[in-house]
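Numbering (mature numbering (1 follows the signal peptide of the UniProt record, and there is no 0)), first residue to last: -24 to -1, 1 to 721. For every residue, glycine included, the Cβ atom is placed at its ideal position computed from N, Cα and C.
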C-alpha cells in the first residue's frame, strides 16, 4: 500500500510535471489497498455532497442489465447507472421519484432505501411521509423506473428489501420520536411491514411484547417506555430459504427474528456488551486536541454496546449466522423545552481529554450493567448464531488498530469537516470509526464480510469462511484527507474523495460485468458510489516493482527499475505521491547515468507493449522475452476509445511531457512537434492546429488518462484494429480487449 502526501509548495520547486489535480492545502490520499486484495475501478458521483449525508445513501444491483440503482433522499431521486465491462460507469437515467409521487397522493419526505428483485424485475423504494408521525410507503417501480404501485407501511420506513424469490417485500419502520417524548409529542410505534406481492396483502408486525420479558432477554429500553413504541427497527436481513426476517433494533441493542409468511415473532433478544477491559478489545475512548491528540488504544474499564445498524445473513456448513456492524446510536430528540438525550459525558482522562467521552445514561436506560460505563457502539463487527444470538466472533480492536497503522495522522477522523482540517482523534470520545453496514460476498469456496466505516471511511474485508475464526484480508480507503489549510481557505467535500459509506452491495463474479467479484460502496457524504473489484490474479500480485530509496534530507526520491521517480516525504510513516520529476537525490550523478543508460538501451531496441483493458499491469515484449510491469491505473474504454495514463503514453512513445498545473495543460514534444491537451477541453492542439479529441480526458485514481489514438496520430503513428490486415503501430484486439503498441524504438 502506498499513501500520498501532496505538499504543493515543495513540489512546485522540485518538479515540472505533476500529473494530478491538486489543492493548495496539505492533503493525503492512499492510492492502493492495505493488502492488495481489492482495488477501485471507478467512482460514480451524483453531482453533489452533503456533510449530513443522505446524498448517495443505498445502492442495489440489477444482475441482468448490469446496472445499479442509487437512492438520494436529499434530492428525492434515484440514479440508474450502467456498469461497463471495464468497471467504469455511466448514468442512464435519473428517476425523479419525488415528482412522480406528487401525482399519486403520496406526501413524500425522505427516501431512505432501495432494493431490486431480479426474479420479478421490480424496484422497491422506502418513502417516509413528510410528517414524521404518519405512515410511509413502499413504492414499486419497474426496472426502468416507471411507477407501478405503492403499499402503505409503518412510520418512517428506514430500509426496504425483497426476499430472494421476489414474493415478499419488507420494510423496517423505525418510528422515531423526532419531537421528543413530552408536551404532546408522539413516539410512533416501530414495526416491520411485510407485503405479499402475489396476494397483494400487507401484514404490519408490531412489537407487543412484555416489558419485563424484554429486559430479561437483554434489551435496552427507555425508562418507563412500552416496547411497542420503544423498539425501533433499523435493518432487515433475509434467510436464504426466504422464511425468516432478522431485524436489527439498534437503539435497543437487539435483534428480532420474524416468520415472514405468518408475521409471527420468533424471538427478540439482546446482543450483550463488549468488555473493553479484556485483551483484544482495546479502545481509544479519549479525544485529545492539538499536541494532546494521539493514538492511545488500550484496555479500559468500559463496556461497548454493539447497537448494530446494518446486519447480514450467512448460512455456512449447515448453520445460520447473523453478522452485525456495531455502529452504536444515541437518542437525541426534540428541541428546547422538549429536548431528550439518553447519553451523558465525562472526562475520564482530565489531563489529556479535550472533550468529554459519551456514554449511555443509566438514569434514562433500563437493561444496563449496574456500576459500569456503557459506550455507544462496539467499533467492530460481530458474528452471532442465528438460532439463539450467541456471539461466536467479534473483531475487537481490529478496526482502530488497522486504521491507526495506515492513517496515523487521521486516526478516528470524522466525515463531515467540509471546510477545515481532518482532526486526529476527533471521534475517539464518541463511536470511533463507526461500523455502519455489512454485507457478504462469496468468491469460489471462500466467503468474505465487507464492512463500511462511516466516519474515517473505507471498507474492511474479512475472510469469514470459518465464522468462528475470521481472518483480516484488506482495508481500502482512498478518501482525500486534509491536514492543514491556508488562512481563509476552504476545502469543500466535493474535493475530498469518497466519504461516509452507508450502503453496500456485493456482486458475485457470475453476475459481474467485469467477470470478477465486485462491491458497490455508496458514500452518503461525498455523494459517490465506488466500484470495488476483488481478487487480483496471482500474476498481478507478483508484479510488484522493487523500489530503491535515495535520500536527500527529509525528501526521498524513489527510483524503480524502469527509472520512474516519485517524490515522498518522511513523517510518522512514509507517505508517497507518485509524480513525474527529474530529481535524483544525493547520488545525482550515478542516478542520472543510470537514466541515460536506460534511455540508450530503449533507443537501441524495438519493443512491443501490450495493455489490457481493466488490468493493472502491461507487458513488454522484447527479443522473445516477456516482462510484466504493474501500473496503478488500468486502461479504460471511453466513447469506444482506449485511454492510457499520460505518463505511460509519453514514456512508451518516447515523448517529452510537461504538466502545467495552473493551466491544467499537458504538452508533449518530439522531434520538433508540439502537441497540447487541455484538461476539460474537447480538442487537441497539434503544432498550433486544433483537432477534436476522440474522447474526453478522464481522471482515475488521480491519474490523467488520454485517448492513445489522438496522441499516436499526432506524432505520425498509425492506428487500427488487429483484424484489418494492415501492419499498424498501435492495434486493438477486440477478442482479448488488448492494445498493442509496437515498433517503438
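Contact check, residue i vs residue j, beta carbons under 9 Å
{"i": "residue 446", "j": "residue 309", "result": "no"}
{"i": "residue 116", "j": "residue 173", "result": "yes"}
{"i": "residue 170", "j": "residue 224", "result": "no"}
{"i": "residue 683", "j": "residue 623", "result": "no"}
{"i": "residue 50", "j": "residue 83", "result": "no"}
{"i": "residue 375", "j": "residue 347", "result": "no"}
{"i": "residue 373", "j": "residue 367", "result": "no"}
{"i": "residue 399", "j": "residue 353", "result": "no"}
{"i": "residue 89", "j": "residue 147", "result": "yes"}
{"i": "residue 619", "j": "residue 612", "result": "yes"}
{"i": "residue 40", "j": "residue 97", "result": "yes"}
{"i": "residue 112", "j": "residue 163", "result": "no"}
{"i": "residue 411", "j": "residue 285", "result": "yes"}
Neighbourhood of residue i by C-beta, 7 Å cutoff - its chain only, sequence neighbours within 5 removed
{"i": "residue 42", "result": "58, 59, 489"}
{"i": "residue 251", "result": "257, 279"}
{"i": "residue 203", "result": "183, 185, 187, 190, 197"}
{"i": "residue 325", "result": "262"}
{"i": "residue 482", "result": "415, 416, 417, 426, 495"}
{"i": "residue 63", "result": "17, 18, 490, 507, 509, 590"}
{"i": "residue 322", "result": "332, 333"}
Identity of the residues DSSP links to residue i by a beta bridge
{"i": "residue 481", "result": "496"}
{"i": "residue 436", "result": "427, 451"}
{"i": "residue 625", "result": "Residue 625 pairs with nothing; no bridge assigned."}
{"i": "residue 252", "result": "Partner(s): none; residue 252 has no beta bridge."}
{"i": "residue 18", "result": "507"}
{"i": "residue 361", "result": "297"}
{"i": "residue 636", "result": "641"}
{"i": "residue 115", "result": "101, 126"}
{"i": "residue 87", "result": "103"}
Given residue i as reference, the closest of the options once Cα atoms are compared
{"i": "residue 631", "options": "620, 644, 655", "result": "644"}
{"i": "residue 127", "options": "483, 166, 81, 498", "result": "81"}
{"i": "residue 47", "options": "69, 61, 27", "result": "69"}
{"i": "residue 724", "options": "468, 355, 381", "result": "With the chain running from -24 to 721 in the structure shown, residue 724 is simply not present."}
{"i": "residue 277", "options": "270, 675, 255", "result": "255"}
{"i": "residue 475", "options": "457, 502, 487", "result": "502"}
{"i": "residue 30", "options": "379, 661, 150, 500", "result": "500"}
{"i": "residue 151", "options": "125, 102, 209", "result": "209"}
{"i": "residue 406", "options": "129, 179, 646, 388", "result": "388"}
{"i": "residue 38", "options": "718, 484, 639", "result": "484"}
{"i": "residue 420", "options": "380, 175, 477, 492", "result": "492"}
{"i": "residue 3", "options": "201, 322, 385", "result": "385"}
{"i": "residue 241", "options": "180, 267, 200, 268", "result": "180"}
{"i": "residue 99", "options": "650, 105, 136", "result": "136"}
{"i": "residue 65", "options": "342, 689, 471, 615", "result": "615"}
{"i": "residue 649", "options": "79, 15, 693, 199", "result": "693"}
{"i": "residue 597", "options": "718, 307, 123, 646", "result": "718"}
{"i": "residue 761", "options": "67, 200, 271", "result": "An answer regarding residue 761 cannot be provided, because it is not within the stretch -24 to 721 covered by the chain."}
{"i": "residue 329", "options": "32, 264, 270, 392", "result": "264"}
Other residues of its chain near residue i: CB distance less than 6 Å, five sequence neighbours each side excluded
{"i": "residue 291", "result": "216"}
{"i": "residue 440", "result": "423, 425, 446"}
{"i": "residue 350", "result": "279, 281, 335, 336, 344"}
{"i": "residue 390", "result": "402, 403, 431"}
{"i": "residue 205", "result": "163, 165"}
{"i": "residue 687", "result": "625"}
Spatial neighbours of residue i in its chain, beta-carbon cut-off 8 Å, leaving aside the 5 residues before and after
{"i": "residue 289", "result": "213, 214, 215, 216, 222, 296, 297, 298, 299, 362, 416"}
{"i": "residue 712", "result": "588"}
{"i": "residue 13", "result": "437, 449, 450, 510, 511, 512"}
{"i": "residue 274", "result": "258, 259, 260"}
{"i": "residue 641", "result": "635, 652, 653, 654, 655"}
{"i": "residue 723", "result": "The structure shown does not extend to residue 723, since the chain is modelled only from -24 to 721, so the question has no answer here."}
{"i": "residue 714", "result": "586, 587, 588, 589, 708"}
{"i": "residue 109", "result": "131, 162, 164"}
For residue j and residue i, believed in contact at Cβ under 8 Å, the rounded distance
{"i": "residue 142", "j": "residue 91", "result": "The Cβ separation is near 10 Å, so there is no contact."}
{"i": "residue 238", "j": "residue 220", "result": "Contact doesn't hold; Cβ gap of about 11 Å is too wide."}
{"i": "residue 145", "j": "residue 498", "result": "Between residue 498 and residue 145 the Cβ distance is about 20 Å, and since that is not below 8 Å, they are no contact."}
{"i": "residue 382", "j": "residue 10", "result": "6 Å"}
{"i": "residue 226", "j": "residue 305", "result": "5 Å"}
{"i": "residue 318", "j": "residue 332", "result": "With 8 Å as the limit, residue 318 and residue 332 do not qualify as a contact, their Cβ atoms being about 15 Å apart."}
{"i": "residue 5", "j": "residue 456", "result": "5 Å"}
{"i": "residue 659", "j": "residue 668", "result": "6 Å"}
{"i": "residue 428", "j": "residue 453", "result": "Actually they are not in contact, since the Cβ atoms of residue 428 and residue 453 sit about 10 Å apart, beyond 8 Å."}
{"i": "residue 444", "j": "residue 369", "result": "6 Å"}
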